[in-house]
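As C-alpha cells, the structure follows; a few thoughts come after it.
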C-alpha cells in the first residue's frame, strides 16, 4: 500500500512513497526527538559521575554510539538502538548514584 506524505520544506508538493521506500526512510520527527532526548539525558547523566575520567568516558561513548547510528534507516534497527540507549541511560544513572555514594563513604579509600 502507498501513503501520501507532504513535505512543507519542498513548496508543499506531495510525494507518494511505496511501502519499501517508507521502510528505508529516515526516522520520523518523534523518533528524532526521542533520540535527542536520550542523547541529552546520557550527557547529563555523565555529569553525575564522581570522577572526570568516568564523566569523559560516558560522554565520549555516547557521542561515538549516536554518531555511528545516525545513518541507520531501518525502523527495527532504529528501535533497537533507542532501546539500547534507554538501557544505557538507566545503567549510567544507577552507576553514578552508586559510585557517588561509594566515593563519599569514609570507609572507602582511593578511586574505586
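Residue numbers (this note's numbering): 14 to 125. Note that the Cβ used here is the ideal one computed from N, Cα and C, for glycine as well.
Query, Result
"Continuous alpha helix (DSSP H) stretch holding residue 61: start and end", "Per DSSP, residue 61 belongs to no alpha helix (DSSP H) and is neither H nor E."
"Continuous alpha helix (DSSP H) stretch holding residue 105: start and end", "88-117"
"Rounded C-alpha distance that separates residue 102 from residue 65", "18 Å"
"Coil, strand or helix - residue 57 by DSSP", "helix"
"Distance, residue 82 Cα to residue 63 Cα", "28 Å"
"Segment contact flag, the region 89-104 with the region 44-64, C-beta cutoff 8 Å, min 3 pairs", "yes"
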